[in-house]
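Protein chains in written order, with our numbering: chain A, 1 to 328; chain B, 329 to 588; chain C, 589 to 970.
Beta carbons are placed, not taken as given, at the ideal position from N, Cα and C, and that holds for glycine.
Presented below is the structure to which this report refers.
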Amino acid sequence: MTPGILVVGEVQNGRLAPATLEALGVARAVAPSGDPIVGFVSGAAGKSAAADFARFGVGHVYCAEDPRLDAAPVGAIAHAVAAAAGAAGAALVLVGGTTFGRDLVGRLAIRWDASAATGVTELVRADGALRVRRSVFGGRAHETRRMEGPRCAVALRPHAFSVPAEAPMALTVESIATADLPSNLIAPRRVEVRAPDRGAGPSLSDAAIVVSGGRGLRGPEDFHLVDELAAALGAAVGASRAVTDAGWRPASFQVGQTGKAVSPQLYVAVGISGAIQHIVGMVSSRCIVAINSDASAPIFKVADYGIVGDLFEIVPALTAEVRRARAP
Amino acid sequence: MEIVVCVKPVPEAETRLRVAADARSFDAEGVKFVLAGYDESAVEQALLLKEATPGSHVHVVAAGPSPRTEEVLRASIALGCDAATFVEMPNAPAPDPIATARALAGAIRALPHDLVLCGKQAGDDEGGLVAAALGELLGLPDFGYVVDLRWDAAAARLRFQRSAEAGQELWESPLPCVVGLQQAWNDPRTAKLPAILKSRKAPIAKVAPPADATGHPTSHAEKFELPPPRMGAKLIEFKTPPEAAEKLVKLLREEAKVFP
Amino acid sequence: MPDFALTPEQESLRDMARKFARTEMAPHAAECDRTPRFPEEIYRKAFDLGLMNLNVPSELGGSGLTLFDQCLIVEELAYACGGMMTSIIANCLALEPILLGGTPEQQRRFLQPFCASYQLASFCLTEPRGGSDAGNPSTRARRDGDHYVLDGEKCFITNAPQASLYTVFATLDPSLRHKGISAFVVPRSTEGVVPGKEEEKMGHRASSTSSVRFDHARVSVEHRLGAEGEGFSIAMRTLDQTRTPIGALATGIAQAALDHAADYSLKRETFGKPISEHQAIQIKLANMAQAVHAARLLTWHAAWTIDRGQRGTLESSIAKCFASDAALHVADEAIQTFGGYGYMKEYPVEKLLRDAKLTQIYEGANEIQRTVIARELLREYA
């Protein structure tokens with residue numbers, strides 16, 4: 001059997017999670033033609049989502065139906081995944097970059113005796129070797145690793161890939177037995193799941209994303225545009241000194257030389273001109289987006305992406321687009 | 329309760345990264361290594377559990393090159409860990425985390441361990457793999473992204489929350505198990521000066537990596553790159569605000585890869 | 589002094605001090621300077637972590653560090669705030685006379701309880717009519733049976749408003765000039781000890797300073813340190829010990845000023861480029877760096893000399909004098925590097941100049957340091 005790729009499915013609201021679909025897309029891109037791509041699902045929830053694999057062109061799905069796996073620790077699921085990968089003769093197991101996916105890869109590295117990598121942003125097969133690219137040091141650098149050996153387990157970076165086009169085909173489900181699951185791997189119990197609290201945003205100092213507002217927002221009554229964009233991004237809210245001096249927001253919101261220094265993955269500066277006092281507080285952010293009506297504003301010199309336009313139109317449009325893009 | 333904490337030396341957060349001469353990893357010359365931030369939380373949690381459960385001990389273990397690895401073990405002892413084991417590994421650039429997990433497991437198997445605590449990921453390679461791999465190596469369940477960890481002695485269950493995409497998951501588990509902790513949700517204590525002085529003389533058991541640490545599929549770092557310096561903003565051309573928004577989100581998602 | 593490298597132990601100490609300085613002291617430095625505020629909660633934390641009473645041996649409850657290791661810590665803490673460091677180091681200054689002049693029994697009796705909990709102490713030598721001229725105090729001590737009665741006023745005393753213990757230098761007989769001076773340990777609880785109103789200072793505003801009046805304050809003979817008439821010697825030997833850490837304190841301020849200036853010069857642009865690319869700024873930064881490096885090494889050498897058991901008067905005087913002058917100059921140039929922004933209180937550099945200034949005045953004014961250096965130097969040629 002030609003070694004192929006096993007894509008591990010995660011289920012969200014009865015369907016395959018977007019993270020799994022992204023992994024599917026990557027599998028299709030990296031599989032040499034003719035190599036089979038197969039899917040894996042577990043638990044009762046998994047069984048009902050198996051059909052989604054077929055919708056996206058993966059017709060053979062391994063299913064560990066055991067309902068104990070619906071809320072089991074990842075170690076139990078890894079047992080079944082390894083069995084499926086073995087049955088499929090897979091050379092590569094791909095999973096989305098979720099908390100589950102990263103943990104799964106750690107377990108598979110041992111259980112399935114494979115090389116492993118997480119947070120992968122690029123996956124390339126060349127010169128008979130599989131190479132992955134991933135970000136390190138909080139996004140301040142990237143490394144390329146060569147994955148050795150006949151088996152490799154990879155968790156992707158979340159949202160780094162697009163969902164592929166549908167390619168419906170017929171579905172075959174192959175059962176994976178789980179009778180020999182060690183009891184200590186399924187003894188732990190998930191008691192409850194509480195939906196995430198969307199009310200309070202992350203704190204400014206260690207947020208992964210920050211949206212800051214400046215004097216370009218004419219008054220405190222307009223600052224809600226910043227708040228809404230931040231909420232849509234799951235971001236913390238910051239402000240320039242002009243804003244905090246004017247009392248639109250408390251001093252604790254100030255980003256800058258005499259306020260807080262932040263270095264998030266993404267910094268969105270709304271209506272901020274980019275005076276040095278502000279710049280020094282955010283210039284080490286990984287990616288900076290500036291929205292300002294003045295094309296000569298110094299902020300555009302340090303930003304990676306800029307939109308020169310009327311923030312009162314751009315920001316609501318951006319908030320709407322972010323909500324649309326993040327919807328499950 | 330016998331608690332084992334796994335720690336790791338990482339470059340301190342303010343390090344200005346430079347590419348090493350062989351371009352495979354970062355240049356460690358002159359870099360200051362410290363206890364990883366996530367590991368500080370793990371050590372703190374271990375000490376809190378020890379203080380809450382009489383008769384408990386905390387044994388800290390680390391695998392890595394000398395001398396930075398012994399230094400973080402001493403830092404952990406200064407915080408209050410009772411004993412330390414050092415698994416010496418060669419100073420390889422960007423080592424494979426699974427190999428590290430195998431080395432740690434070798435040492436942990438020789439110790440009593442009801443609970444194995446790790447920081448969920450380290451600030452350098454951010455693999456987040458070690459806790460899970462340790463679980464598999466030790467034949468134990470593992471849980472990642474844990475906050476709020478408590479031992480319910482009456483029910484003989486560990487109670488904790490996991491931060492997952494679906495929300496906060498509340499779990500209970502018998503011991504033994506492996507837990508990968510989230511960072512800084514507890515308030516790591518600071519070592520006092522007398523404890524720091526005492527830790528310099530504390531004994532550290534040294535063990536070699538187990539024989540089965542080699543001979544498994546692994547990965548090698550081939551290239552280490554820093555992002556190019558900022559050239560000024562790429563201005564997005566648009567006719568309508570929704571078009572600008574759409575183009576920006578696409579760039580953030582696919583080019584910058586920072587979209588949440 | 590062949591090996592300039594710090595031992596791993598010294599690195600741990602320095603790292604621990606640095607972490608405390610950056611996370612606990614630095615965030616409050618500007619506010620304590622502005623208000624001004626005496627941040628007792630920070631001093632308590634420093635005590636809890638073992639960062640106070642550094643010169644007291646560990647058997648008596650201190651941290652028992654060498655002078656060199658103390659300097660490592662002092663520089664790190666002063667980097668965050670010179671004022672806070674002054675209040676912390678004032679304990680060392682006040683307790684040193686007990687270590688130098690006290691019997692083992694006195695050391696145990698006074699230092700053990702003092703070091704067991706958070707407390708502050710004050711070294712009381714300076715008077716309104718005698719700072720540098722410390723050999724002719726007006727504060728009198730009169731023997732009365734097995735007590736002494738102290739009368740007089742000391743001024744510019746660090747920690748005086750909060751201290752629970754004062755080390756006081758008073759004369760039993762002015763006609764004997766400096767040979768009439770004795771040293772006394774005076775608990776705050778002694779009747780007749782009256783701290784004055786807190787002074788408003790140019791800098792070191794997180795530290796508190798006031799006069800202390802002694803109004804028929806009675807202490808038992810057991811509170812006298814050393815023999816009658818030995819007080820001046822104890823005071824001078826105390827300053828021999830504390831000069832070097834003041835050099836470290838000044839070095840910390842100077843390093844902070846250099847760091848701010850260098851960092852700013854890379855970000856601020858004028859005439860189309862970062863100011864770090866203008867030669868005028870490069871020359872400034874180079875001079876500042878030379879001064880900071882020299883200050884640190886002079887301090888290290890002085891500490892090493894004294895740790896070896898030598899008196900080290902020449903070395904410590906040079907270190908204190910040079911480092912404090914360097915701190916002033918470097919802070920001044922740091923403000924200049926920031927230009928107009930440096931003059932604004934919103935920016936951190938003007939505080940450094942105000943803090944640096946005191947290091948040239950206290951713990952032996954630099955004019956006196958120079959006479960000491962000259963005296964020590966010329967001795968070698970005589």
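Residue range of the unbroken beta strand (DSSP E) whose run includes residue i
i	result
L902(C)	Unbroken run through L902(C) is the alpha helix (DSSP H), 901-926; no beta strand (DSSP E).
I769(C)	769-775
D480(B)	470-480
Y267(A)	266-270
M344(A)	Chain A is shown from 1 up to 328; residue 344(A) falls before or after that span and cannot be answered.
V283(A)	V283(A) -> no beta strand (DSSP E), and no H or E assigned at all.
L104(A)	Premise fails: L104(A) lies in the alpha helix (DSSP H), 99-111, not in any beta strand (DSSP E).
E964(C)	Where E964(C) is concerned, there is no enclosing beta strand (DSSP E), although the alpha helix (DSSP H) it sits in stretches over 954-969.
D732(C)	728-732
Whole-number beta carbon distance between residue j and residue i, since they are thought to touch under 8 Å
i	j	result
L713(C)	L699(C)	At roughly 19 Å, the Cβ-Cβ gap does not stay under 8 Å, so L713(C) and L699(C) are not in contact.
E122(A)	R140(A)	Going by Cβ atoms, the distance from E122(A) to R140(A) rounds to 17 Å, so no, they are not a contact pair.
G238(A)	L204(A)	6 Å
E493(B)	T99(A)	6 Å
L457(B)	V105(A)	6 Å
V474(B)	R490(B)	6 Å
G447(B)	A370(B)	5 Å
A315(A)	I291(A)	In the sequence on display, residue 315(A) carries Val and not Ala. At roughly 7 Å, the Cβ-Cβ gap stays under 8 Å, so V315(A) and I291(A) are in contact.
Distance CB(residue i)-CB(residue j) smaller than 8 Å
i	j	result
I841(C)	D943(C)	yes
G401(A)	G46(A)	Within the shown structure, residues of chain A are numbered from 1 to 328, placing residue 401(A) beyond reach of any answer.
A235(A)	R215(A)	no
G408(B)	K336(B)	no
L639(C)	F608(C)	yes
I272(A)	I299(A)	yes
R326(A)	P569(B)	no
K260(A)	G281(A)	yes
I677(C)	A634(C)	no
S770(C)	T674(C)	no
A54(A)	P164(A)	no
R602(C)	L594(C)	yes
G96(A)	P3(A)	no
A845(C)	V937(C)	yes
L738(C)	A722(C)	no
R730(C)	Y754(C)	no
Sequence-distant residues of the same chain with beta carbon closer than 8 Å to residue i, five excluded per side
i	result
S384(B)	M329, E330, I331, L377, K378
Cβ-based neighbour list, residue i, same chain, cut-off 7 Å, excluding 5 preceding and 5 following
i	result
M1(A)	Model confidence at M1(A) stands at a pLDDT of 45, short of 50, so the residue's coordinates are unreliable and nothing is read from them.
E398(B)	F414, I532
G199(A)	Caution applies to G199(A), whose pLDDT of 45 falls short of 50 and renders its modelled position unreliable; the value that the coordinates give is listed next. The answer is none, since no qualifying residue turns up.
A27(A)	I5, V7, I37, L94
Q12(A)	P328
A295(A)	V308
T887(C)	C659, T832, G835, A836, T839, A907, A911
N954(C)	C909, S912, D913, Q948
Cβ shell of residue i (< 6 Å), same chain only, five flanking positions each side left out
i	result
G650(C)	N641, V644, C703
P264(A)	A207, A208, I209, V210, S285
K939(C)	D621
A422(B)	S353, A549
Opening and closing residue of the alpha helix (DSSP H) in which residue i lies
i	result
C63(A)	Segment 60-64 is the beta strand (DSSP E) holding C63(A); no alpha helix (DSSP H) there.
A19(A)	18-30
I209(A)	Unbroken run through I209(A) is the beta strand (DSSP E), 209-213; no alpha helix (DSSP H).
L601(C)	596-608
S183(A)	183-186
L439(B)	Unbroken run through L439(B): none, as it is neither H nor E.
Q700(C)	692-704
S404(B)	396-407
Checklist entry - Is it a yes or a no for the stretch 843-862 of chain C touching the stretch 811-828 of chain C, going by three-plus beta-carbon pairs under 8 Å? => result Counting Cβ pairs under 8 Å, fewer than three are found: no touch.
Checklist entry - For the stretch 491-502 of chain B against the stretch 187-195 of chain A, are there 3 or more C-beta pairs whose distance is under 8 Å? => result Output reads yes: the stretch 187-195 of chain A touches the stretch 491-502 of chain B.
Checklist entry - Three or more beta-carbon pairs under 8 Å between the stretch 800-808 of chain C and the stretch 740-753 of chain C, yes or no? => result Taking 8 Å as the limit for Cβ pairs, the verdict is that the stretch 740-753 of chain C does touch the stretch 800-808 of chain C.
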